[in-house]
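Structure first, commentary second.
Here it is, written out as structure tokens:
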């Protein structure tokens, strides 16, 4: 390929966005006089022509106009389609050459072809992910795998290529929410596939026992929680290796020895121990090349989490200790058999509504609601009012508050560990009154108590 030389010394590649690649490339080229200042204006005119054709197809020829909101969405879809092609070009020089010499309509049509190809590839990837799925009772995992099928039923590459209709609740070790549409689903499935491949190297019964032990420790039905199986499995395996164990299990005695050992180690020693443990796992379990890259990427996260946990003296939050002394704090979740059927739940809600004494209401809730799902459904049912929420939240332990926080702050900690004080200082996406009042209650707590709740959320709860 010819060495194209369009980039000037003033060109700054850090100004390019992988999420809006084409328009950011045009803006940077205009800034550096690589492209004329009217170039973007001309491109927008060409996109306007494409938009007219799309509107006619969208309205099936019945109208040449749509609402402003819909028009804006269609334009976003056009840029998304253009990016689908432009992102395939192997270097910036070639991308600039395409912009200089090809019509926008040509780039758009190439993007449509690319989207169709990637849709087929993503559908095949979904089938492979179904085949290598982990056999688990974790509902978020199972529901997400099932829910993704809706994407392939309803995806519309012509009018809404940047949309992804699918219920995705299961958190991954790595998940980029800035990506939209088809490419979000594609990235999500690829990462999930890799996590499945790695976890399937381990005994499925051992993984189940670890998750069950985790739930038993805190008297929590792990099936209802938003936890990542890959992270929990690798965390336990890494530290199990450091305890010279072959299984995923870590006993209380082993944990205490390990904790004491790591506390007297310096930062570089801790990094080396975690890295060596990861390398041993890769070798012993014959981890494949793509999976190896993913695991080594997670190694950086685990090192940072370990160092942070040691500084806070809460390494135990990274592990599942098999025979840890049972913690009786939590009453929210016991087991699946504690879930109420619809009629029993309705009767309890009516009983709560009939009482005008919040302490009596709290007593009913504590005695009769033992599942996190039922508890949250109760909070949504408008049987608690105004200041009663404050007293209800005051009756909860740090562990119970962290369980509720896990649901409310899901979008915050899914990408990185939660900074609860920073999170509370900004506007949150709140859907229910109880969530708003929960956040207000947290804002009234001391920094020390908030840090304890934050640690529990970031640990694994």
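In the working numbering, the protein residues as written are 33 to 493.
The beta-carbon is built from N, C-alpha and C at its ideal position, and this holds for glycine as well.
One thing to note: residue 306 has its Cβ within 9 Å of the Cβ of residue 334.
With respect to the C-alpha of residue 212, the residue from 220, 84, 432 having the closest C-alpha is 220. Of the residues 352, 354, 295, 319, the one whose Cα lies closest to the Cα of residue 344 is 295. The region 258-266 makes no contact with the region 373-390: fewer than 3 CB pairs, one atom from each, lie closer than 8 Å. The DSSP-derived three-state label of residue 352 is coil. Judged by beta-carbon spacing, residue 309 lies within the 9 Å limit of residue 271, meaning their Cβ atoms are closer than that value. Taking 9 Å as the cut-off, the beta carbon of residue 456 is found closer than this to the beta carbon of residue 474.
Counting C-beta pairs with one atom in each stretch, the region 283-298 and the region 254-263 have fewer than three that are closer than 8 Å, which means they do not touch. Counting along the chain, residue 371 sits inside no alpha helix (DSSP H), nor does DSSP assign it H or E at all. Residue burial annotation: residue 89 is exposed, with fewer than 16 other C-beta atoms found within 10 angstroms of its C-beta. DSSP places residue 452 in the uninterrupted alpha helix (DSSP H) bounded by 452-456.
DSSP places residue 87 in the helix class (H, G or I) of the three-state scheme.
Residue 249 places its beta carbon 9 Å or farther from that of residue 100. In this structure residue 128 is in contact with residue 66, their Cβ atoms being roughly 6 Å apart against a cut-off of 8 Å. Bridge pairing for residue 282: 353 [DSSP].
For residue 322, the three-state secondary structure derived from DSSP is helix. In this structure, the CA atom of residue 341 is about 21 Å from the CA atom of residue 203. For residue 245, the three-state secondary structure derived from DSSP is helix. For residue 410 and residue 182, the gap between their C-alpha atoms comes out near 29 Å. In this structure, residue 301 keeps its C-beta atom at 9 Å or more from the C-beta atom of residue 241. Sequence-distant Cβ neighbours of residue 119 in its own chain, meaning closer than 6 Å and more than five residues away, are 53.
Taking the CA atoms as reference points, residue 173 sits about 10 Å from residue 179. Collapsing the DSSP output to three states places residue 76 in a helix.
Residue 148: member of the alpha helix (DSSP H) spanning 136-163, first to last residue. Assignment of residue 168 by DSSP, reduced to helix, strand and coil, places it in the coil class. Relative to the Cα of residue 170, the nearest Cα in the group 243, 232, 164 belongs to 243. Boundaries for residue 64: no alpha helix (DSSP H) harbours it, and the DSSP string shows neither H nor E there. For residue 234 and residue 130, the gap between their C-alpha atoms comes out near 48 Å. Within its own chain, the residues whose Cβ lies closer than 7 Å to the Cβ of residue 42, once the five positions on either side in sequence are excluded, are 64, listed in chain order. In this structure residue 378 is exposed. Its beta-carbon is surrounded by fewer than 16 other beta-carbon atoms within 10 angstroms. Annotated as proximal: residue 136 and residue 114, with beta-carbon spacing under 9 Å. By the C-beta density criterion, residue 50 is exposed, having fewer than 16 other C-beta atoms within 10 angstroms.
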